[in-house]
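Note that our numbering gives residue 341 to position 354 of the sequence shown, counting from 1, and the numbers run on in steps of one. Ideal Cβ placement from N, Cα and C applies to all residues, glycine included. Following: one structure in structure tokens, then a few remarks.
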Amino acid sequence: MTSREASLQKYYSRALEIALLVTVIMAFAIVLALLIARYLGRPVLQLAHYARAVGQGENPQAPDIRTGGELRQLRDALRDTLARLTRREAQIHHTATHDEVTGLGNRSALMHTAKECFNAGERCSLIGLRVSDLSDLNDTLGLEFGDKVLMGLATRLRDELPDANLIARTGGGGDFLALIPEQSHETLEQRAQALHSKVESPLSIDNTPFSLRTTLITLQLPTDACNANELRRRVNLTFEQALQQGFAVTRYEPGQDENHLRELKLISDLHSAIRNGGLHMNYQPKLDSRTGQLLQVEALVRWIHPDLGFISPEEFIFLAEQSGQIHDLTDHILQQVADGARAWFRTGLDAGVAINLSAMDLTSPGLADRVASIFADWHHSMDRITLEVTESALMDDPIEAMATLNRLRELGVTLSVDDFGTGYSSLSQLRKLPVQELKIDKSFVLKLNTEPQDQLIVKSTIDMAHGLGLKVVAEGIENLEAWKLLQSWGCNLGQGFYLSRPVSADNLAQTAAAIAERQQELSKTPPERSP
């Protein structure tokens, strides 16, 4: 073997050794890399998945990291972040579904629970409670005291309704609603009555007994409301009906919703009727009891609705008061009467006019100015205008009523107390008011010819009113005997269907002529008859 071949053989042997060494090293490196990837890469991947799930709002199980202190610290940090997020989410959810003051559910929680019942086809009952004087309480004793009252009331509701699915305070006022398992109408009413008695018994607030005035309502679901919108609307409607009618406990009655929608339509259409001449005036004569002569007419507003027909004045005047349209309605009536009276005076009919005012008109500081403006070119004595106000309106706010009446009296108009005998005032109270006339309510006059007790009341009222210097008008005269009794007792003026029905302004002159033809009959006074 040559030296060259020997050298090559040594070279190839060394190269083979190196190649084997490199192969072993590479294999070792691969194995080591796989081990490192398994030891470090997998936990990192697990942490990546864990972090991604946390970021998506999920609540995953934290991975079991047994290697690497840094990786365990990262895992623990992510787990702590998730715990804080979970607690924060729970706080947000609690705030969104609970009342801050009482800790009860709120409107959102109630509607969510109700929707679940509706969607599941379940039946349940609802009891609602409204605190009547919460705003006055807060104004008088402060919000902090009011909150304590609400918390005490919430405790009573929890105690009295342990089976409730949810009790909620809906809104920032004094309305509470409770969803309970279905009850019969009788059982539900009994529970509502018992709850009313319990919540109106005095609460102890800061060692001070305090009583509340409350109104309770009941509904059956889904019979009375089958979705959240109906429930909200009918709860409010039932509360309003209960307050208007003075009921302490009442339940929703089918048809109330339709009546409410009708009222909304009338309120909307009344605005148009006032603006566009949809109302008209009728006039009912008032006769002098001594002579039978027509001395005055009472203006009566009428509304014939294009779709609903005749609308009772009691209904649309009440709606005008509730919707804030009463002052516009009163001004419209005053203007129509002023125009009509000027017209009949021009024809030679010498009759004054009486106009009814709403209780809310008496709280309007500008009423006297509006009356003065409308009758600015009256050209007749202002005492030919009589403004009638109800007895209850005078007593609701006597201070404001007195101020308004004094301003009206300064104009020279005659002031009359309408519907006397139906309220709680007395003649001694009326003596302090600047009124000149008293109108006996028709409920005492309609059966005057057959009811001795009514006769006694009417005669004594006439005598006492005359003793105070007041003229007396009787309405509701339905027959000749009642008219003659009133004449014999000295009643100054009378009106009623027996004397004349209300007529339009166009027929007033003809009616006056017909009354004149009956004047001898109507002025005839029989001997006095004691009641």
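Residue 236 to residue 332 span [Cα, whole Å]: Cα-Cα distance, rounded: 54 Å.
Beta-carbon spacing of residue 284, residue 273 below 8 Å: Yes, Cβ-Cβ distance for residue 284 and residue 273 is below 8 Å.
Status (buried if at least 16 other CB within 10 Å, exposed otherwise) for residue 188: By the Cβ neighbour-count rule, residue 188 is exposed, with fewer than 16 other Cβ atoms within 10 Å of its own.
Sheet register partners of residue 117 (DSSP bridge): Partner(s): 162 and 202.
Same chain, Cβ closer than 8 Å to residue 176, neighbours up to 5 away in sequence not counted: These residues qualify, in order along the chain: 205, 236 and 238.
Touching by the beta-carbon criterion (3+ pairs, under 8 Å), the stretch 155 to 175 and the stretch 85 to 93: Put simply, the stretch 155 to 175 touches the stretch 85 to 93. At least three CB pairs are less than 8 Å apart.
Nearest candidate by alpha-carbon position, reference residue 474, set 467, 254 and 276: Of the candidates 467, 254 and 276, the one whose C-alpha sits nearest the C-alpha of residue 474 is 276.
Residue 437 beta carbon less than 8 Å from that of residue 405: No, the Cβ-Cβ distance between residue 405 and residue 437 is not below 8 Å.
Unbroken stretches of the alpha helix (DSSP H), 4 residues or longer, contained in the stretch 362 to 417: If we require 4 residues or more, the alpha helix (DSSP H) runs fully inside the stretch 362 to 417 come out as 378 to 383, 385 to 398 and 414 to 417.
Cβ-based neighbour list, residue 97, same chain, cut-off 8 Å, excluding 5 preceding and 5 following: Contacts found: 153, 155, 157, 164 and 166.
Between the CA atoms of residue 303 and residue 514 - distance to the nearest angstrom: Note that residue 514 has pLDDT 41, beneath the 50 cutoff, so the model's placement of it is unreliable and the number below is only indicative. Across the structure, residue 514 and residue 303 are spaced so that their CA atoms are roughly 44 Å apart.
According to DSSP, residues forming a beta bridge with residue 213: Answer is none; residue 213 lacks a bridge partner.
Residue range of the beta strand (DSSP E) that includes residue 236: It spans 236 to 238 - the beta strand (DSSP E) in which residue 236 sits, taken as one unbroken run.
Distance between residue 160 and residue 210 (C-alpha atoms, nearest Å): Taken atom to atom, the span from the alpha-carbon of residue 210 to that of residue 160 is near 27 Å.
Beta bridge counterpart(s) of residue 461 as assigned by DSSP: Secondary-structure assignment with DSSP links residue 461 through a beta bridge to 427 and 481.
In chain order, each beta strand (DSSP E) run of at least 3 residues that lies wholly inside the stretch 234 to 272: Residue ranges of uninterrupted beta strand (DSSP E) with 3 or more members, entirely inside the stretch 234 to 272 and ordered along the chain, are 236 to 238.
Under the three-state DSSP convention, the category residue 93 falls into: Here DSSP, grouped into helix, strand and coil, assigns residue 93 to coil.
Inter-residue CB distance, residue 190 and residue 136 (contact presumed, cutoff 8 Å): The Cβ separation is near 6 Å, so the contact holds.
Same chain, Cβ closer than 8 Å to residue 359, five either side skipped, listed in chain order: Correct list, in chain order: 398.
Reduced DSSP category for residue 351 - H, G, I as helix; E, B as strand; rest coil: Residue 351: coil per DSSP, three-state reduction.
Simplified DSSP assignment, three categories, for residue 299: Reduced to three states, the DSSP call for residue 299 is coil.
Given 8 Å, three or more beta-carbon pairs between the stretch 459 to 467 and the stretch 489 to 497: The stretch 459 to 467 vs the stretch 489 to 497: no contact.
Touching by the beta-carbon criterion (3+ pairs, under 8 Å), the stretch 385 to 401 and the stretch 418 to 431: Yes, they touch.
Secondary structure of residue 150, DSSP reduced to three states: In this structure, residue 150 counts as coil in the three-state DSSP scheme.
Meets three-Cβ-pair contact criterion under 8 Å: the stretch 251 to 258 and the stretch 215 to 230: When C-beta atoms of the stretch 251 to 258 are compared with those of the stretch 215 to 230, fewer than three pairs fall below 8 Å, so the two segments do not count as touching.
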